[in-house]
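Reviewing the structure listed below.
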Amino acid sequence: MNPLRVGRLTVERVTVSISGLDPALQQTRIVQLSDFHYDGYRLSSSLLEEAIAQANAAQPDLLVLTGDFITSEPYPILTLAQKLTTLQSRRGICAVLGNHDHRYPKARKQVTHALEEIGIQVLWNQQAEPLGPNLPIVGLADFWSKQFDPASVLDQIDPQTPRIVLSHNPDSLTVLKPWRVDLQLSGHTHGGQVVLPGLGPAQRWLPDIDWCFPDTIREFLSSKKGKKTKKKPKRHPTLKHWDWSQGLHRVDDSWLYVNRGLGTYWPGRLFCPPEVTVIELVGA
Ligand SMILES: [Fe+2]
């Protein structure tokens, strides 16, 4: 992607207050990266290296990766995983998968395996305790997958215990009302990519076109040549809550942070640069 249509990487710093935060976790620093779309088209090596450098410079206690490592074919995950070995974090790295990470057959398995091989904990309706038992990290299966099952993991946690939920798609927060969610970290939206001053993301006002445009053309051409095409995955609207397209939001008793991601789809970004997020936790 032409850097002129991507914009400069931006480091966003936010402070989030968590009710009942263990005093030992005061000022815990979490760094979030999202939506790599590492496929040779949507993320340059230089931008990826810069994002890794910025993430390391923030000296995170915990690094979280919120999905869409790849776009379609899963094989680029091997190269991406090699590059991610340079990430540094005191208490490790947790990840969830995005809709693109399970779009193609066996993609979920291959992406998970490649990340786990380099020590990244991939959570699919699972919890981990890299910050200790007083602040579990819950990672949900992608909202559009048939396996999305928050009850299987959130029912296991004492309601008195604060927790952070990693979920690729911000819309998932709408179905998490039965449970305590102190902070949900998401990506998926790319911030809207094209943001119109005063109006917000252009996608909010346009019909929901397929932003995976080159893949759609490739699939069409291969079907014309008589090649067997895979069954088309079910189409979902990219996002229902476009007011949550980026940044920090208060939704009932939860905080939601939506990262603008690193990868960029056609036609590029406008007033919506790629992002590394540095989150500091404080007691409420
Ligand atoms: Fe994405």
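For any residue, its number in our numbering is found by taking its place in the sequence shown, counting from 1, and adding 25.
C-beta atoms are modelled at their ideal positions from N, C-alpha and C, and glycine is treated no differently.
Among the options, the one whose alpha carbon lies nearest that of residue i
| i | options | result |
| --- | --- | --- |
| Phe94 | Pro28, Leu87, Thr104 | Thr104 |
| Asp174 | Leu306, Gly308, Val200 | Val200 |
| Gly217 | Leu264, Val206, Arg188 | Leu264 |
| Glu300 | Trp280, Thr214, Val206, Thr111 | Thr214 |
| Gly212 | Thr302, Asp47, Arg116 | Thr302 |
| Gln185 | Leu68, Val39, Asn159 | Asn159 |
| Val121 | Gln79, Ser270, Gln172 | Gln172 |
| Leu224 | Cys119, Pro130, Gly32, Phe296 | Phe296 |
| Ile145 | Leu87, Val178, Ala176 | Leu87 |
| Leu109 | Leu34, Gln84, Ala139, Ala132 | Ala139 |
| Asn81 | Val36, Ser69, Ala106, Leu50 | Val36 |
| Ser270 | Asp277, Leu179, Gly92, Ala227 | Ala227 |
| Glu305 | Thr137, Arg33, Trp280, Leu165 | Trp280 |
| Glu14 | His274, Asp180, Pro28, Ile118 | Given that the chain is displayed from residue 26 to residue 309, the structure contains no residue 14 and the question cannot be resolved. |
| Asp167 | Arg285, Val276, Asp126 | Asp126 |
| Glu154 | Ser177, Arg133, Ile182 | Ile182 |
| Asp278 | Trp230, Leu198, Arg54, Thr137 | Leu198 |
Residue i - partner residues in DSSP beta bridges
| i | result |
| --- | --- |
| Glu300 | Thr35 |
| Arg275 | Trp280 |
| Gln146 | Cys119 |
| Ser192 | None, per the DSSP bridge assignment. |
| Leu90 | Leu58, Ala120 |
| Val219 | Leu295 |
| Pro226 | Val220 |
| Ile43 | Gly308 |
Extent of the continuous beta strand (DSSP E) run through residue i
| i | result |
| --- | --- |
| Arg54 | 54-58 |
| Ala120 | 118-121 |
| Gly164 | 162-164 |
| Ser211 | 208-211 |
| Ala153 | 151-153 |
Integer-rounded CB distance, given that residue j should sit under 8 Å from residue i
| i | j | result |
| --- | --- | --- |
| Gln113 | Val89 | Not confirmed; about 14 Å, so no contact. |
| Ser44 | Pro187 | 7 Å |
| His193 | Gly123 | 4 Å |
| Ser76 | Leu287 | According to the sequence displayed, residue 76 carries Ala and not Ser. That belief holds up - the Cβ atoms of Ala76 and Leu287 are roughly 6 Å apart, short of 8 Å. |
| Asp196 | His266 | 6 Å |
| Ser42 | Gly308 | 7 Å |
| Gln107 | Leu34 | Contact flag wrong, Cβ pair sits at about 21 Å. |
| Leu156 | Arg205 | With a Cβ gap of about 16 Å, Leu156 and Arg205 do not count as contacting. |
| Gln135 | Ile162 | Between Ile162 and Gln135 the Cβ distance is about 23 Å, and since that is not below 8 Å, they are no contact. |
| Leu191 | Leu148 | 7 Å |
| Gly32 | Pro298 | 4 Å |
| Val39 | Tyr282 | 7 Å |
| Arg54 | Pro99 | Contact flag wrong, Cβ pair sits at about 31 Å. |
Run of the alpha helix (DSSP H) containing residue i, from where it starts to where it stops
| i | result |
| --- | --- |
| Thr104 | 102-109 |
| Leu68 | It is not in any alpha helix (DSSP H) - Leu68 carries neither H nor E in the DSSP assignment. |
| Ser177 | 175-179 |
Practice prompt. Give every residue whose Cβ lies closer than 7 Å to any heavy atom of ligand 1, listed in chain order.
Written response: Answer in sequence order: Asp60, His62, Asp93, Gly123, His125, Gly212, His213, His215, Gly286, Gly288.
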